[in-house]
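Take a look at the structure below.
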Amino acid sequence: MDDTKVSEIRQMIIRHKRWDRLFALLGLCAMILGVLTLTVLFADLLIDGAHRIGVDFFTSFPSRKPESAGILSAFVGTCLVMLVTVVTAVPLGVAAAVYLEEYAPRNWMTDLIEINVSNLAGVPSIIYGLLALGLFVYALDFGQSILSAGLTLALLILPMVIVATRESIRAVPGSIREAAYAVGATKWQTVSSHVLPYSTGGILTGVIIGLARAIGETAPIITIGALTFIAFLPPAPIMAEAPFISFEWLFAPFTVMPIQMFNWLSRPEEAFQSNAAAAGVILIAMTLAMNALAIWLRYRYRKRIKW
Amino acid sequence: MLNIPKANLSTRNSGSSPEPTHLKAEVQQLNFYYSNGFHALKNINLALAEHQATALIGPSGCGKSTFLRCFNRMHDLYPNNRYQGKIIMHPDNTDILGPKVDPIEVRMRISMVFQKPNPFPKSIYENVAYGLRVRGLRRRSMIDDKVEQALRSAALWEEVKNRLNDLAFNLSGGQQQRLCIARALATDPEILLFDEPTSALDPIATASIEELIHELKTKVTILIVTHNMQQAARVSDYTAFMHIGDLVEFGDTDQIFTNPRQKRTEDYITGRYG
Numbered sequence: 172m173d174d175t176k177v178s179e180i181r182q183m184i185i186r187h188k189r190w191d192r193l194f195a196l197l198g199l200c201a202m203i204l205g206v207l208t209l210t211v212l213f214a215d216l217l218i219d220g221a222h223r224i225g226v227d228f229f230t231s232f233p234s235r236k237p238e239s240a241g242i243l244s245a246f247v248g249t250c251l252v253m254l255v256t257v258v259t260a261v262p263l264g265v266a267a268a269v270y271l272e273e274y275a276p277r278n279w280m281t282d283l284i285e286i287n288v289s290n291l292a293g294v295p296s297i298i299y300g301l302l303a304l305g306l307f308v309y310a311l312d313f314g315q316s317i318l319s320a321g322l323t324l325a326l327l328i329l330p331m332v333i334v335a336t337r338e339s340i341r342a343v344p345g346s347i348r349e350a351a352y353a354v355g356a357t358k359w360q361t362v363s364s365h366v367l368p369y370s371t372g373g374i375l376t377g378v379i380i381g382l383a384r385a386i387g388e389t390a391p392i393i394t395i396g397a398l399t400f401i402a403f404l405p406p407a408p409i410m411a412e413a414p415f416i417s418f419e420w421l422f423a424p425f426t427v428m429p430i431q432m433f434n435w436l437s438r439p440e441e442a443f444q445s446n447a448a449a450a451g452v453i454l455i456a457m458t459l460a461m462n463a464l465a466i467w468l469r470y471r472y473r474k475r476i477k478w
Numbered sequence: 312m313l314n315i316p317k318a319n320l321s322t323r324n325s326g327s328s329p330e331p332t333h334l335k336a337e338v339q340q341l342n343f344y345y346s347n348g349f350h351a352l353k354n355i356n357l358a359l360a361e362h363q364a365t366a367l368i369g370p371s372g373c374g375k376s377t378f379l380r381c382f383n384r385m386h387d388l389y390p391n392n393r394y395q396g397k398i399i400m401h402p403d404n405t406d407i408l409g410p411k412v413d414p415i416e417v418r419m420r421i422s423m424v425f426q427k428p429n430p431f432p433k434s435i436y437e438n439v440a441y442g443l444r445v446r447g448l449r450r451r452s453m454i455d456d457k458v459e460q461a462l463r464s465a466a467l468w469e470e471v472k473n474r475l476n477d478l479a480f481n482l483s484g485g486q487q488q489r490l491c492i493a494r495a496l497a498t499d500p501e502i503l504l505f506d507e508p509t510s511a512l513d514p515i516a517t518a519s520i521e522e523l524i525h526e527l528k529t530k531v532t533i534l535i536v537t538h539n540m541q542q543a544a545r546v547s548d549y550t551a552f553m554h555i556g557d558l559v560e561f562g563d564t565d566q567i568f569t570n571p572r573q574k575r576t577e578d579y580i581t582g583r584y585g
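Chains P and W, in that order, give the protein sequences.
Residues 172 to 478 in the numbering used here are what the first sequence lists, from first letter to last.
Residues 312 to 585 in the numbering used here are what the second sequence lists, from first letter to last.
Here it is in structure tokens:
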């Protein structure tokens, strides 16, 4: 090859690499913009609220005096509502996804259901709130309770759980299914001992991402009528005397973290703003902790599976 | 189209065994249509001799894997595939393609080893034990025995006996394929199907699998699909040559490779196409 041709090729590569660098720079800027905004937001909340975060803040009920107000009832409310949400959304969502992927006949009905499940994930949360107000609060008479709120948020994240479960079920290769069927397994044996165990990581990730969204939802909870000022805890689920387990807490009135924040934000006193910021920090920390858990679980489950 | 009469096989004395060969299965007028209407198998007639290896050869897309997968009703896993004709299994004369026969029952009697090793992402032990667990076996000691037996038959026991709880993925490709053979053997199948079992393996692993197939003939009847003609010549007693859904020629492996009766067979084995 003569020299002119080689130098032409080099020139061309230099020209092409310019675009490489340009794009890398653009991407870096976009990334910094996103991360920086979040960091500043979090730091701002932290600066405003840090002095309020302490043991007292977690163990006190809301109060008229900002310095003695805490998030006990909201924190407990959030945890209990999430519990109801998980217990309802996971079995329903996973079972629905398994049916759609493994059992449902491939026809236009299934296609229609699949499209609509994805659409449901995009329905605004306030619509779920309205549905829940009519269905859970009035028609089923669950009242403005933890049960109603948990079921509402379960509906909200159900499409996410279904979509995540289907994606991870689909990631199980056909050759593994065929291997199970080839030794004489039934569909259920194949699903229960192979398909579901191998997709657990993906399912858990989907569930936790869904919960991380649900934990911050305010609109549907306000719609079903959560109280904004709660200075008591729901009845304990465990009792000293028989039958030892009580489900009364399901029907207790409640408040949750975002509503407590909203309540504090709407007060005129400056000091309550710090409380709201502190509650915000804790809410973000809870969300981040859940996402971290999701990442860890995914790592743990995928470590032993290679395909 | 040449159809070897069944009598040819049933009365024939095998070179290696002194006893007359019995039939394990007979394929009668088998047609197969995929869900898109593709007519993949056309009027196949063939017999499998008990405790012998029968090889299916032919160019890609000739239907040899499709044919193999009829034997354990794998096509039933996907909607709208259609069989026509019969595969009669002896000695009970069950038509395994019959509408009243449960495909699961068929798969319990006929095991399969796939082209690409496909162990479950579980331990070596659990991979072999799965077929037994599916059959409801619970006694640990019994499962232990069967697992060891199967691993020995698959010539893998010595290599894995000290690490049965290791993940199957940590084995080499050839070991994984032998593990899949052990999984297929653990349930004492009557027929063992091999779908190009060595196409993903190196020559040494291939040689060990071929040797294994040779040994397994004492226990099971073998039907093997291969695109490697030397392999067919090495491991099989009978060979069937297929071309675009037709069974062109079926006979003794020696005869097929040294003295093919059909022009198409000759062209293929001499490398004129394929």
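Virtual Cβ for every residue (Gly too), placed ideally from N, Cα, C.
For clarity, every value in this text was computed on a predicted model and none was experimentally measured.
Run of the beta strand (DSSP E) containing residue i, from where it starts to where it stops
i: residue 346 of chain P; result: Segment 345–353 is the alpha helix (DSSP H) holding residue 346 of chain P; no beta strand (DSSP E) there.
i: residue 503 of chain W; result: 502–506
i: residue 335 of chain W; result: 334–344
i: residue 367 of chain W; result: 364–368
i: residue 422 of chain W; result: 421–424
As assigned by DSSP and simplified to three states, the class of residue i
i: residue 413 of chain W; result: coil
i: residue 497 of chain W; result: coil
i: residue 477 of chain W; result: coil
i: residue 473 of chain P; result: helix
i: residue 351 of chain W; result: strand
i: residue 467 of chain W; result: coil
i: residue 406 of chain W; result: strand
i: residue 546 of chain W; result: helix
i: residue 552 of chain W; result: strand
i: residue 247 of chain P; result: helix
i: residue 323 of chain W; result: Bear in mind that a pLDDT of 43 at residue 323 of chain W, under 50, signals an unreliable position, so the model cannot answer this.
i: residue 226 of chain P; result: helix
Proximity test, Cβ basis, 8 Å: residue i and chain W
i: residue 346 of chain P; result: yes
i: residue 349 of chain P; result: yes
i: residue 336 of chain P; result: no
i: residue 315 of chain P; result: no
i: residue 342 of chain P; result: no
i: residue 471 of chain P; result: no
i: residue 184 of chain P; result: no
i: residue 365 of chain P; result: yes
i: residue 476 of chain P; result: yes
Chain P contact for residue i (CB, 8 Å cutoff)
i: residue 510 of chain W; result: no
i: residue 475 of chain W; result: no
i: residue 423 of chain W; result: yes
i: residue 498 of chain W; result: yes
i: residue 482 of chain W; result: no
i: residue 383 of chain W; result: yes
i: residue 492 of chain W; result: no
i: residue 489 of chain W; result: no
i: residue 415 of chain W; result: yes
i: residue 390 of chain W; result: yes
Beta-carbon separation (whole angstroms), residue i vs residue j, contact threshold 8 Å
i: residue 126 of chain P; j: residue 430 of chain P; result: With chain P covering only 172 through 478, there is no way to say anything about residue 126 of chain P.
i: residue 459 of chain P; j: residue 447 of chain P; result: Incorrect: roughly 19 Å between the Cβ atoms, too far for contact.
i: residue 355 of chain W; j: residue 534 of chain W; result: Contact doesn't hold; Cβ gap of about 13 Å is too wide.
i: residue 531 of chain W; j: residue 503 of chain W; result: 5 Å
i: residue 342 of chain P; j: residue 373 of chain P; result: 7 Å
i: residue 228 of chain P; j: residue 449 of chain P; result: 6 Å
i: residue 364 of chain W; j: residue 548 of chain W; result: 5 Å
i: residue 423 of chain W; j: residue 360 of chain W; result: Not really, about 19 Å apart at Cβ, beyond 8 Å.
i: residue 540 of chain P; j: residue 256 of chain P; result: Shown here, chain P extends from 172 to 478; a query on residue 540 of chain P therefore has no answer.
N- and C-terminal bounds of the alpha helix (DSSP H) containing residue i
i: residue 290 of chain P; result: 279–291
i: residue 393 of chain W; result: Note, residue 393 of chain W: premise wrong, no alpha helix (DSSP H); beta strand (DSSP E) at 393–400.
i: residue 564 of chain W; result: 564–569
i: residue 533 of chain W; result: No alpha helix (DSSP H) contains residue 533 of chain W, which is instead part of the beta strand (DSSP E) from 532–536.
i: residue 428 of chain W; result: Note, residue 428 of chain W: premise wrong, no alpha helix (DSSP H); not H, not E.
Does the region 279–299 of chain P come close enough to the region 321–333 of chain P to have 3 or more Cβ pairs within less than 8 Å? yes
Counting beta carbon pairs with one atom in the region 445–465 of chain W and one in the region 374–384 of chain P, are three or more of them shorter than 8 Å? no
Taking three-plus beta-carbon pairs below 8 Å as touching, is the region 458–466 of chain W in contact with the region 361–376 of chain P? no
Under 8 Å (Cβ pairs) to chain C, residues found in the region 426–456 of chain W: Here chain C cannot be found, since the structure's protein chains are P and W.
Does the region 398–414 of chain W come close enough to the region 465–485 of chain W that 3 or more CB-CB pairs lie under 8 Å? no
Stretch pair the region 243–252 of chain P + the region 419–434 of chain P: three plus CB contacts closer than 8 Å: yes
The region 573–580 of chain W in contact with the region 388–395 of chain W per 3-pair CB rule at 8 Å: no
Specify whether the region 460–471 of chain W and the region 488–498 of chain W touch according to this definition: at least 3 beta carbon pairs, one from each stretch, less than 8 Å apart. yes
Using a Cβ distance threshold of 8 Å, determine whether the region 407–415 of chain W contacts the region 357–373 of chain W, with at least three qualifying pairs required. no
Say whether the region 466–479 of chain W touches the region 465–472 of chain P, bearing in mind that this needs 3 or more beta-carbon pairs closer than 8 Å, one atom from each stretch. no
Would the region 344–355 of chain P count as touching the region 427–440 of chain W if we require 3 or more Cβ pairs under 8 Å? yes
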